[in-house]
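Peer 1: Pasting a structure below so you can have a look.
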Amino acid sequence: MDATAVLRASLDDYARRWPDEAGTVAAFRELLDDAEDPFRRERLAGHFTASAWLVDATGTRVLLTHHRKLGRWLQLGGHADGDRDLAAAALREAQEESGLQDLDVEPAPFDLDSHPIPARSDTPAHAHYDVRYVVHARGATDFVVSAESLALAWRDIRGLRDDPDTDPSLRRMADKWLARSA
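Numbered continuously in the working numbering, the sequence shown closes out at residue 182.
See below:
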C-alpha cells in the first residue's frame with residue numbers, strides 16, 4: 001500500500017477512535033484528495049505537516065520546543081517537504097530538532113490539528129494540517145537544541161494538562177495520552 005493510501009486508512013481509523021473529531025478528519029481527507037500536492041510547503045492553500053509527541057521511556061514526560069518563529073512551547077515537528085509518509089517525517093523532525101537518535105514512532109496518528117500560520121516576510125499566512133505521532137525515546141534523553149528552537153524542555157504531561165496557560169492542542173494531547181496510559 002502506498003503512503004497516501006496508508007494515510008487515508010489511518011484517517012479512517014482515527015475517525016473511529018475519535019468520533020468527536022469528525023469535522024477535523026473530514027478536512028484532512030479533503031486536503032488529502034486535493035489535486036495540488038498537499039505534502040509540499042509551497043501549497044499555500046494549506047499543506048500537511050508532521051509532529052512528534054515525543055515521550056520519554058517512563059511515559060510521564062514529553063519533549064517540547066520553544067518554537068523560534070512562533071514564540072510558543074509546542075511539540076517537535078515540521079513540514080513534510082514532499083514526503084507522503086508522515087510518520088517517517090515526524091520521526092525525522094524529532095531526531096533533527098532534538099539530536100536524539102534512539103527513537104521509534106508509532107504508525108497510527110495520535111492527534112490531528114489544523115491551525116493558521118501567520119504571514120512572515122515573503123510567506124503569506126496559510127494553514128498547517130498537522131498529523132501528530134507518538135515517538136518514544138528509548139535511550140538517552142540528553143537533547144541538543146537546534147536552530148529551529150529557542151529552547152527544549154522535558155515537561156511533565158500531567159502538569160501540561162493541568163496548566164491553563166498550555167497551548168490548547170498540547171492539553172488535548174496530554175488528555176489523550178493520560179487516558180491511554182490509565
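Quick reminder that beta carbons are idealized off the backbone N, C-alpha and C, glycines included. For clarity, every value in this text was computed on a predicted model and none was experimentally measured.
Under 8 Å by Cβ, that's how I've got threonine 65 and serine 149 pegged, so tell me the actual separation to the nearest angstrom.
Peer 2: Right, their Cβ atoms sit about 4 Å apart.
Peer 1: Looking at C-alpha atoms only, which residue of Asp113, Leu160 and Pro124 is the closest neighbour of glycine 23?
Peer 2: Closest by alpha carbon: Asp113.
Peer 1: For threonine 166, does the count of other Cβ atoms within 10 angstroms reach 16, so buried, or fall short, so exposed?
Peer 2: That one is buried.
Peer 1: Using 8 Å as the threshold, is the C-beta distance between arginine 40 and glycine 82 below it?
Peer 2: Yes, they are a contact pair.
Peer 1: With burial defined as no fewer than 16 other Cβ atoms inside 10 Å of the residue's Cβ, what is the status of valine 144: buried or exposed?
Peer 2: Burial call: exposed.
Peer 1: Roughly how many angstroms lie between the CA atoms of valine 25 and valine 134, to the nearest whole one?
Peer 2: Looking at the two C-alpha atoms, the distance is approximately 18 Å.
Peer 1: Which whole-angstrom value is the C-beta distance of leucine 152 and valine 62, which I expect to be below 8 Å?
Peer 2: Actually they are not in contact, since the Cβ atoms of leucine 152 and valine 62 sit about 11 Å apart, beyond 8 Å.
Peer 1: What is the DSSP secondary structure of threonine 24, counted as helix, strand or coil?
Peer 2: The answer is helix: DSSP assigns threonine 24 an H, G or I state.
Peer 1: Is DSSP giving proline 19 helix, strand or coil here?
Peer 2: Helix, per DSSP.
Peer 1: Which partner residues does isoleucine 117 have in the DSSP bridge list?
Peer 2: Looking at the DSSP assignment, isoleucine 117 forms a beta bridge with His126.
Peer 1: Taking its Cβ as the centre, do 16 or more other Cβ atoms sit within 10 Å of alanine 45, making it buried, or is it exposed?
Peer 2: Counting Cβ neighbours within 10 Å, alanine 45 comes out exposed, since fewer than 16 surround it.
Peer 1: On the DSSP bridge assignment, give the partners of aspartate 111 in chain order.
Peer 2: Per DSSP, Arg132.
Peer 1: Mark threonine 49 as exposed unless 16 or more other C-beta atoms lie within 10 angstroms of its C-beta, in which case mark it buried.
Peer 2: By the 10 Å Cβ count, threonine 49 comes out buried.
Peer 1: Is it the case that the region 162–180 contacts the region 66–86, given that we only count it when at least three CB pairs across the two stretches are under 8 Å?
Peer 2: A contact exists between the region 66–86 and the region 162–180.
Peer 1: Between the C-alpha atoms of leucine 86 and leucine 11, what's the straight-line distance to the nearest angstrom?
Peer 2: Straight-line Cα distance between these residues: approximately 12 Å.
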